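Under the working numbering, the first residue of the sequence shown is numbered 18, with each subsequent residue one higher. All residues carry an ideal CB built from backbone N, CA and C; glycine is no exception. Predicted, not measured: the structure shown is a model, and the values here were computed from it.
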Amino acid sequence: MMNKNSASGNAAKAKPITAASAEAAHERVDPITLEVVRNGLVALVVEMTENLIRTAYSPIAAEIKDFSIGLLDAAGDAIAQAPDGVPMFCADLNTAIKKGLVLFKDEGFQPGDIILSNDTETNGQHVNNMVAYAPIFAEGVLLAFAAVRSHWIDVGGMAVGSIANNSRDVFSEGIQLPFVKVYRAGVPDEGLLRIIRTNTRFPELVMGDMRAQISACRLGERRFLDLIGRYRRETVMACIRRIWDEAEVLARRAVERIPDGVYEASCRMDNDGLTLDSPIPLKVKITVAGSDMSIDFSGMSPQVAGPYNSRASETIARVGFKCVTTPHLPTNEGAFRNLKIISPEGTILKAHPNAPMSLFNMAVVSTIDLILRALHPALPECITAGNSDNIGLSNLIGIDPRTGKLFQTFVPYIGGWGARPSGDGTNAVVSLAQGDVRFLPVEVHETVDPVRVREFALRPDSGGAGTWRGGLGVVFVREVLTHCSYNGRYERTLDPPWGFDGGKPGEITRTSVVRAGEGREAALPLKCEDFALEEGDIECLHTAGGGGFGPPWARDSEHVRRDVVGGYVSLGAAREQYGVALDPLTFAVDQAATLNLREAMRHASGD
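Next comes the structure, spelled out in C-alpha cells:
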C-alpha cells in the first residue's frame with residue numbers, strides 16, 4: 018500500500034512542506050511550469066473522480082455522483098477540488114483535515130493511513146456524508162492529503178437510508194465515526210471494518226463505496242507524487258502558492274466591482290419535519306467594503322427540533338461567494354481569502370453537534386439562493402431569479418419481491434432554474450448546490466428497484482412568467498410493484514421560487530397518489546414517514562419551477578407562441594399570464610387582442 022517514494026516507518030515527526038514554506042521559490046516559478054502544474058493538479062482530481070465513478074458500488078455514487086474530491090496541503094488548505102463535484106461541498110474538506118491534524122498530533126500519520134470521518138461537529142452535515150483521506154509523503158516529508166467525501170447509502174439509525182423527517186438527535190440517525198484510522202500504514206483495521214459492516218443495512222454497497230473512496234485517494238497520491246517527481250516538491254509547492262495568490266487577486270477584483278454597502282434577504286422554509294405548522298425563517302446579511310465581503314448568518318432561525326440543522330455555514334458562504342466572484346476558477350484556498358463569515362453558535366446553520374442533521378441540505382440550498390437574492394440589487398445583470406431549492410425525492414422502502422432483499426429508492430429532485438436577466442431559466446436541473454449531480458436513469462431505476470416509471474416529462478406552466486420565463490419543473494410518475502413505505506422529503510412550498518423585476522414566482526412542488534383500481538388522485542403528504550403504498554399504487558410528483566425575470570407582458574409574443582407550441586406554456590397561461598391571445602387551432606398570434614391585453618396588464622402593474 019506504500020508508494021515507492023514514501024518514507025518507511027513512522028513519518029509523523031517529519032517536518033511538513035507547505036505552500037507557505039515555498040516562499041523563497043515563489044518568485045522563481047516560470048510561467049510554463051506554473052501552467053503545467055496548475056492543469057496537472059486539476060487533472061489529478063478529475064482522474065480521481067472518474068476512478069470513483071468506475072469503481073463505486075451504489076447508484077448514489079456511480080450514477081448520481083453525490084461526492085466531492087480534493088487535494089489539500091499538509092496544513093489542510095485546499096489545493097484543488099474536482100470541478101464536477103457537488104458545489105455544496107465547496108472547499109469543505111479542509112475542516113476534516115485540520116481536525117485530524119489536531120487529533121493525531123502525537124501519533125501522527127504514516128504512508129498507507131486512511132482516515133474516515135462523518136463527525137457532525139466538524140463536517141457539519143448528515144452522518145451519511147463520509148470523508149476518507151490519505152496523507153501523501155515523499156522522502157519522509159508530509160506534503161499533502163488526498164480526500165474524498167461521498168454519501169453512504171445507509172449508516173444505520175432509525176430510518177432506512179439514515180435520513181428521517183422525525184429524528185430528534187444525531188444518535189438516532191446512524192453510526193458516527195469521528196476520525197478513525199481504518200488503515201494504518203497500509204494495514205486494514207479488521208475490527209473497525211466489522212463495526213462499519215454491521216451498522217449498515219446495505220453492507221455490500223457501503224463497503225464497496227468505501228473501497229472506491231480509498232482507491233481514489235491512492236490514485237491521487239500516485240499522481241501528486243508523479244508531479245513532485247517531475248518538477249521537484251519545492252517548485253510544485255511554490256506553484257500552489259502562486260495559484261492561491263492569483264485566485265485571491267481575481268476574487269478581490271470581483272468584489273471590488275460590487276458597490277459597497279449592506280445587502281439583505283430572507284425567506285422561510287416550511288417546517289422542521291416535527292412541528293408542521295411552524296415555518297423556519299432564514300436571513301442573510303452581506304457587507305461589501307472595497308475588496309472584502311462578509312456574510313452574516315446571525316439572523317438565521319435558532320436551531321430546530323427536527324433534522325433540518327447543520328454546521329455547514331462556512332461551506333454555504335463559500336458557495337455563494339464563489340458564484341459571484343470566481344465561478345469558472347477551479348476551487349482553491351486563495352479564492353476565499355477576502356471572505357469573512359459570521360455564524361454564531363445555536364442557529365440552524367451552527368447547531369449543537371448532537372442536533373439532528375439528516376436533512377441539513379434543505380437549508381443549505383435555500384441559503385445559497387438567498388445570498389444571491391441579497392446581491393441582486395448590486396449585480397442585477399448577474400443574478401438569476403429563485404430556483405426550485407429542493408434536494409431529494411421521496412424514498413420508497415420495502416422488500417423487493419424479485420430478490421427478497423431490502424430496497425430503498427434514491428432519485429434526485431430536479432426542478433426549474435430561475436430566469437436570467439437575458440434568457441429563460443434552465444429546465445429540469447438539480448438545485449444550485451448540487452452542480453453535476455445527475456438524475457438516476459429511468460432504466461437503472463426500474464432495474465434496481467421494484468417500480469415502473471409511467472411518466473417523466475417537463476411540467477407545463479411551472480416556470481414563473483416573465484420577460485424571461487423561469488425553467489420548468491418535471492412530472493415524475495411511478496407505479497410501485499410491491500407493498501412499500503413512502504417517505505416525503507419536500508420543502509419551500511410556503512415561499513416559492515421568487516421572480517425578479519416584475520417576474521412571477523415559479524410553481525411549488527405538489528405530490529399525489531392514485532390508488533390501484535380506484536382511479537382517484539389524492540394528495541400525498543409533502544413530509545411524512547412510512548406512508549403505506551400498495552402494489553399498483555401510482556405516486557405522482559410535480560416539481561417546482563424557477564422564478565421569472567422582468568414583467569410577463571414584455572415577453573416577445575413570438576417566444577410565447579413557441580412556448581405554447583412546444584408544450585411549455587398552456588394556451589390559457591399565454592393569455593392570462595403573458596397577455597398573448599393565440600388561435601387555438603393555428604396558434605397564430607391575434608395582434609389586436611394581444612395589444613389590448615398587454616396594455617391592460619401594463620396599466621394594472623403601474624408602468
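Asked, Found
"Taking 8 Å as the threshold (C-beta atoms), are A395 and G290 in contact?", "no"
"Could you pull out every residue in the same chain whose Cβ sits closer than 7 Å to the Cβ of G563, ignoring the five residues on either side in sequence?", "A402, G403, N404, S405, G433, W434, G435, A436, G442, G480, G481, G487, G488, P514, G523"
"Under the three-state reduction of DSSP, which class applies to S529: helix, strand or coil?", "strand"
"Starting from the Cα of V494, find the closest Cα among R471, R506, S134 and give me that residue.", "R471"
"Leaving aside the five residues before and after A609 along the sequence, list all residues of the same chain whose C-beta is less than 7 Å from its C-beta, in chain order.", "none"
"Go through its chain and collect everything with a Cβ distance to F196's Cβ below 7 Å, but skip five positions before and after it.", "K116, G117, L120, I132, S134, D136"
"I'd like the list of long-range same chain contacts for C557, defined as Cβ closer than 6 Å, with 5 residues on each side in sequence excluded.", "V494, S529"
"Measuring CB to CB, does D109 end up less than 8 Å from H168?", "no"
"I want to know whether the segment 260-267 touches the segment 339-353 - three or more CB-CB distances under 8 Å.", "yes"
"Starting from the N-terminal side, write out each stretch of the beta strand (DSSP E) that is 3 residues or longer and does not extend beyond the segment 260-317.", "278-286, 297-306, 309-313"
"Here's the rule: buried if 16 or more other CB atoms are within 10 angstroms of the residue's CB, otherwise exposed. What is P361?", "exposed"
"If you compare alpha carbons, which of R185, G129, A149 is closest to A372?", "R185"
"Could you compute how far the alpha carbon of E40 sits from the alpha carbon of T484?", "In this predicted model, E40 has a pLDDT of only 49, less than 50, meaning its place in the structure is not dependable; the value taken from the coordinates is given anyway. Their Cα atoms are separated by approximately 52 Å."
"Would you mind stating whether I365 and Q320 have Cβ atoms separated by less than 8 Å?", "yes"
"Within 10 angstroms of its Cβ, does K122 collect 16 or more other Cβ (buried), or is it exposed?", "exposed"
"Going by C-alpha to C-alpha distance, which of R270, I114, V382, F338 sits closest to Y325?", "V382"
"Go through its chain and collect everything with a Cβ distance to L244's Cβ below 8 Å, but skip five positions before and after it.", "V54, G57, L58, L61, V253"
"Output needed for I333: all residues of its chain with C-beta closer than 7 Å, excluding positions within five of it in sequence on either side, in chain order.", "L366, V381, T384, I385"
"Which same chain residues, not among the five before or five after G553, have their C-beta less than 6 Å away from its C-beta?", "A533"
"Please name the residue, chosen from E546, E156, I257, E221, that lies closest to L88 on a Cα-to-Cα basis.", "I257"
"Given this structure, state the Cα-to-Cα distance separating D287 from T510, to the nearest angstrom.", "7 Å"
"Would you list the residues sitting across from H168 in a DSSP beta bridge?", "N146"
"Below 8 Å between beta carbons: does that hold for T5 and A113?", "Examination of residue 5 is not possible in this model, given that the chain is present from 18 through 624 alone."
"With DSSP as the reference, label L248 as helix, strand or coil.", "Note on residue identity: the sequence assigns Tyr, not Leu, to residue 248. Y248: helix per DSSP, three-state reduction."
"Return the first residue and the last residue of the alpha helix (DSSP H) that R214 is part of.", "207-215"
"First and last residue of the alpha helix (DSSP H) that includes E156?", "Looking at the DSSP string, E156 is not in any alpha helix (DSSP H), and its letter there is neither H nor E."
"Using the rule of at least 16 other Cβ atoms within 10 Å of the residue's Cβ for burial, across every protein chain shown, is F604 buried or exposed?", "exposed"
"Suppose you measure from the CA of R572 to the CA of S622; what does that come to, to the nearest Å?", "15 Å"
"Quick one: using the 10 Å Cβ neighbour count with 16 as the cut-off for buried, is L550 buried or exposed?", "buried"
"Quick one, which of T464, A391, G409, L457 has its alpha-carbon nearest R419's?", "T464"
"According to DSSP, simplified to helix, strand and coil, what is F566?", "strand"
"Nearest-angstrom Cα distance between G173 and N183?", "15 Å"
"Which residues bound the beta strand (DSSP E) around V497?", "491-497"
"Quick check on G191: buried or exposed, where buried means 16 or more other Cβ atoms within 10 Å of its Cβ?", "buried"
"Could you please give the first and the last residue of the uninterrupted beta strand (DSSP E) stretch that includes V501?", "Looking at the sequence provided, one finds Cys at residue 501 rather than Val. C501 -> beta strand (DSSP E) spans 501-504."
"Take A24 and list the residues in its own chain whose beta-carbon comes closer than 6 Å to its own, dropping the five residues that flank it on each side.", "Its pLDDT being 36, under 50, A24 is placed unreliably by the model, and the measurement read from it follows with that caveat. Cβ neighbours of A24 beyond the five flanking positions: F154, G157."
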